[in-house]
Amino acid sequence: MLFVQNLIKKYGKELAVNNISFQVNEGEIAILLGPNGAGKSTTIKSIAGLLKYEGYIEICGHKNKSIDAKKIFAYVPEVSAMFDLLTVYEHLEYIAAAYGIEDYKTEAEELLERFDLSDKRAKLGKELSKGMMQKVSICCALLIKPKVILFDEPLMGLDPKAIKELKKAILELKENGASILISTHIIDSVDDFWDKVLIMKKGNIVLSGTKQELMSRNETLEELFFDVTEDK
Amino acid sequence: MKPLLYILRKSIKNWILQLKKKPVMLILYILFFIILCVSLFFNKGNGSEKTILDPFLYTTIVGVVILIFTAPDLYSSINNGATFFRGADINFVFTSPTSPQKILIYGFLKQIYSSFIAIFFILFQGYTISRFSNIRPYGLMIIMFGLFIMLIFTSILKILLYSIASKSRKNKVILRNTFKFLGVIIIISYFIELYITKSPVKAIMALLNSSAIPYIPVYGWVREIIMASMNGIGFIFFVYIALIIASGALCGYIIYSMKLDYYEDVLGTTELKETAIASIRSGERVIVQTGKKTRTRKVEYTRKGKFASAIFWRQILEYKKTGFALLNIASVFYVIIAITAGFFSPVKDLAVILAGMIYLQLIFSFTSKWQKDLSNPYIFMLPDHAFKKVIYSTAVDNIKNVIDGSIVFIITGILFKSSIVLILLNIIAFASIGSLFIYGGILTKRMLGGGDNVMFTAIMRILLLVLIVAPALVLMGILYNSSSGFMGVFIAYVSFITYNLLFSGLILFLGKGVFENIEL
Chain A
139 MLFVQNLIKK
149 YGKELAVNNI
159 SFQVNEGEIA
169 ILLGPNGAGK
179 STTIKSIAGL
189 LKYEGYIEIC
199 GHKNKSIDAK
209 KIFAYVPEVS
219 AMFDLLTVYE
229 HLEYIAAAYG
239 IEDYKTEAEE
249 LLERFDLSDK
259 RAKLGKELSK
269 GMMQKVSICC
279 ALLIKPKVIL
289 FDEPLMGLDP
299 KAIKELKKAI
309 LELKENGASI
319 LISTHIIDSV
329 DDFWDKVLIM
339 KKGNIVLSGT
349 KQELMSRNET
359 LEELFFDVTE
369 DK
Chain V
17 MKPLLYILRK
27 SIKNWILQLK
37 KKPVMLILYI
47 LFFIILCVSL
57 FFNKGNGSEK
67 TILDPFLYTT
77 IVGVVILIFT
87 APDLYSSINN
97 GATFFRGADI
107 NFVFTSPTSP
117 QKILIYGFLK
127 QIYSSFIAIF
137 FILFQGYTIS
147 RFSNIRPYGL
157 MIIMFGLFIM
167 LIFTSILKIL
177 LYSIASKSRK
187 NKVILRNTFK
197 FLGVIIIISY
207 FIELYITKSP
217 VKAIMALLNS
227 SAIPYIPVYG
237 WVREIIMASM
247 NGIGFIFFVY
257 IALIIASGAL
267 CGYIIYSMKL
277 DYYEDVLGTT
287 ELKETAIASI
297 RSGERVIVQT
307 GKKTRTRKVE
317 YTRKGKFASA
327 IFWRQILEYK
337 KTGFALLNIA
347 SVFYVIIAIT
357 AGFFSPVKDL
367 AVILAGMIYL
377 QLIFSFTSKW
387 QKDLSNPYIF
397 MLPDHAFKKV
407 IYSTAVDNIK
417 NVIDGSIVFI
427 ITGILFKSSI
437 VLILLNIIAF
447 ASIGSLFIYG
457 GILTKRMLGG
467 GDNVMFTAIM
477 RILLLVLIVA
487 PALVLMGILY
497 NSSSGFMGVF
507 IAYVSFITYN
517 LLFSGLILFL
527 GKGVFENIEL
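Residue numbers (this note's numbering), protein chains in the order written: chain A, 139 to 370; chain V, 17 to 536.
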């Protein structure tokens, strides 16, 4: 489970995230929506422990920056970065070593196959296109078999097959009880599989609720989004 | 042209304004300015300490500097294009309804600013230059002026060469062959001088002191302008300036009247430049390979470690791919340095070699492996203690220092006929100050972060590193110079090593959080 309480993030005097709280339960897919500059990526990066912030963040009962938390959560950044001199497969081997995963080979092969990277396994990090980097980054995150996973604009740059596979993988993670938080501003891309939505605007969560709670409003996700984010 | 000047004006204004938000950077700029003033005004040697600089040697140094600063740059401009622009220029300037010529001028104005910044750092050589009694009091200003107009002219020439080369494949080949032809002439001349003088160093000096050089357009004239810092300003000095300005204006006119269509070529070049800037900013590397496929050896990833140690074994794997174990192209470079120093160094003292190596280490401290790890989020998310992460991510750099030190000091030690103990002391001293550079680098990275201005951040980091290692160097210098026998030398080295190790440890604790937050 992911638990965020009173998260505040300032860049200098600028308030990027303004005291937000939410939680993502086990087996739940939460979508973090918002216009550009709403604070989605900052929130995700704070949860991933990459930024300094005020507030409290817990991952399955552990503080997010603790080693125990890091062992069970994964993060797919918006802009993937690879090690120049490591091949695609070596990235997976390295992640397995860095997270102390012993039996990873079968899983690694399956992931490569699934994301059409089998024939690219010997390509160096610096030779990969942006889309391929994104795929490798996703494979690395999935290899950990995380209990909490954070995606920052995960579908950007992916080809249709990879998008289909990623969506399938996300649903599998959900079935296995993982808490999933996806940040995006492309509503259509997540319309069919969300359980909870968190809509951000200017650093605040302006609407949150589960699918059941929001269904009573008889509005599509897109309509809900514009209702709360557009200035009237 | 007005909107383009607006970009320049606003960029400079905002750069100044942002300093208000970054007080650390502001303090460092002030510190930088103070150091500059100290090196310029308060550090001048008194008359009795002054020495004479051999004019023959000075002419050679000036010639070498001009060659190094221009020849590779001009040649690469034919192949890779002039790189005045950034990604934002392509997005917002190239697509705007502005003529290509005006955009070139805009790029050129940006280049003047960069050239000015580059020349500014020569002021740090003020102290060295003031030590020579035969350099005029205004010598430093002359040197700066000479190099400044040289860099500006080179920028214009680069655009011209690039514009000509991008017109057709044939032009490119002709220009490239012209450069090769000039290169061959220099090499042949060198061998003729070598045959006459029978000394490699004297041959270079004779070549660069040739009476034909002042007749070489622009670059020969630049040398004459710079030499006025020793010979004084005369009428011919102003003639050379006028000639260079006229040449620049002529090149500019040719460019302006050409039907330019360089956008497509600039796109690729700018992309490379953006990659290079991103790499430097993240501390990855200073030199970015351009478009060439990386050559790597096939190596089995057998030992992988666990948690933080996985970083160490991954770095070892990367080294194995580009070399043999921890021996790579840098090792070959060190072998060449060691052999050259061993045979040609006028002073057969390992401490002098150590001083030179420390200087090199300072320059290369930006290419260390740990810095590359900061460029992606894996290291921050790796589930292990911050301290272990720092230790494992710097272990390879420390081992590499021991290896490089061993290469240099064993070779020079044997050629100097030094004792084994002294060779060992130098290796340990080199490795220990190497670790001070590594952990000092981590601390400066924590303090300064990535920085928006690549060059200034790099200079600030160097200055901070110098401040960290300065006490060790002063300690070593005082103890070494006051020692009379072997015991004194031994004490000097041991004190130096002890300082380095103690402070490395201390700084390691202060900087260990560097791999905890991506936000530095």
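Even glycine gets a Cβ: it sits at the ideal position worked out from N, Cα and C.
query: V:Gly527, buried or exposed, once every other Cβ within 10 Å from all chains shown has been counted against 16; result: buried
query: Neighbour flag for V:Glu334 against chain A, beta carbons, 8 Å; result: yes
query: Classification of A:Asn174 by the beta-carbon crowding that lies within 10 angstroms, buried from 16 upward; result: exposed
query: Contacts around A:Phe363, its chain only, beta-carbon distance under 7 Å, and the 5 residues preceding and following it disregarded; result: Leu171, Ile325, Ile337
query: Helix, strand or coil at A:Phe331 according to DSSP, with G and I counted as helix; result: coil
query: Residues near A:Ser346 by beta carbon distance below 8 Å, same chain, minus five either side; result: Phe160, Lys334, Val335, Leu336, Ile337
query: V:Leu481 and V:Gly521 closer than 8 Å at C-beta; result: no
query: Contact check, A:Lys339 vs A:Thr367, beta carbons under 8 Å; result: yes
query: Contact set between the segment 229-254 of chain A and chain V, restricted to residues whose Cβ is under 8 Å from the partner; result: Glu231, Tyr232, Ile233, Ala234, Ala235, Ala236, Tyr237, Gly238
query: Rounded distance between the beta-carbons of A:Leu296 and A:Gly379, thought under 8 Å; result: This structure leaves residue 379 of chain A out entirely; chain A is present only between 139 and 370.
query: Under 7 Å from the C-beta of V:Asp400: neighbouring residues of chain A; result: Ile205
query: Buried/exposed call for V:Glu300, threshold 16 Cβ in 10 Å; result: With a pLDDT of 48 at V:Glu300, under the threshold of 50, the modelled position of this residue cannot be trusted; read the value that follows with caution. That one is buried.
query: Runs of beta strand (DSSP E) wholly within the segment 268-344 of chain A (minimum 3 residues, chain order); result: 286-290, 317-322, 334-339
query: Spatial neighbours of V:Ile32 in its chain, beta-carbon cut-off 7 Å, leaving aside the 5 residues before and after; result: none
query: Chain-ordered neighbours of A:Leu224 on chain V, where CB pairs are closer than 8 Å; result: Arg330, Leu333, Glu334
query: The ligand HEM heavy atom lying under 7 Å from the CB of V:Leu480; result: No copy of the ligand HEM occurs in the structure displayed, which carries no ligand at all.
query: Contacts that V:Ala326 makes with chain A (C-beta to C-beta distance below 7 Å); result: Tyr232, Ala235, Ala236
query: Touch test, the segment 401-416 of chain V against the segment 435-442 of chain V, Cβ-Cβ under 8 Å, three pairs minimum; result: no
query: Inter-residue spacing [alpha-carbon to alpha-carbon] between A:Cys277 and A:Ile233; result: 10 Å
query: Contact between the segment 178-192 of chain A and the segment 252-259 of chain A (3+ Cβ pairs under 8 Å); result: no
query: A:Ala212: first and last residue of the uninterrupted beta strand (DSSP E) it sits in; result: 211-214
query: Member of V:Gly268, V:Ser511, V:Thr67 whose CA lies at the smallest distance from the CA of V:Ser149; result: V:Thr67
query: Buried or exposed (CB count within 10 angstroms, at least 16 for buried), V:Cys53; result: exposed
query: Neighbouring residues, chain A, relative to V:Thr312 (Cβ below 7 Å); result: Leu223, Leu262
query: V:Phe396 at chain A interface by Cβ criterion, 8 Å; result: yes
query: Segment contact flag, the segment 150-170 of chain V with the segment 239-247 of chain V, C-beta cutoff 8 Å, min 3 pairs; result: yes
query: Length of the line joining the Cα atoms of A:Tyr194 and A:Leu352; result: 27 Å
query: Residues near V:Leu491 by beta carbon distance below 7 Å, same chain, minus five either side; result: Ser511, Phe512, Tyr515
query: Straight-line Cα distance separating A:Val214 from A:Met139; result: 18 Å
query: Bridge-paired residues (DSSP) for V:Phe251; result: For V:Phe251, which the question treats as bridged, DSSP gives no partner whatsoever.
query: CB contact flag (A:Thr380, A:Leu262, <8 Å); result: Missing from the structure shown is residue 380 of chain A; chain A here goes from 139 to 370 and no further.
query: Beta-carbon proximity check, V:Leu524 vs V:Ile507, cutoff 8 Å; result: no
query: Helix, strand or coil at A:Ile239 [DSSP, three-state]; result: coil
query: Top-ranked residue by Cα proximity to A:Asn202, from V:Leu489, V:Pro399, V:Leu431; result: V:Pro399
query: Within chain A, the residues that V:Thr338 reaches when beta carbons sit closer than 9 Å; result: Leu223
query: V:Tyr408 at chain A interface by Cβ criterion, 8 Å; result: no
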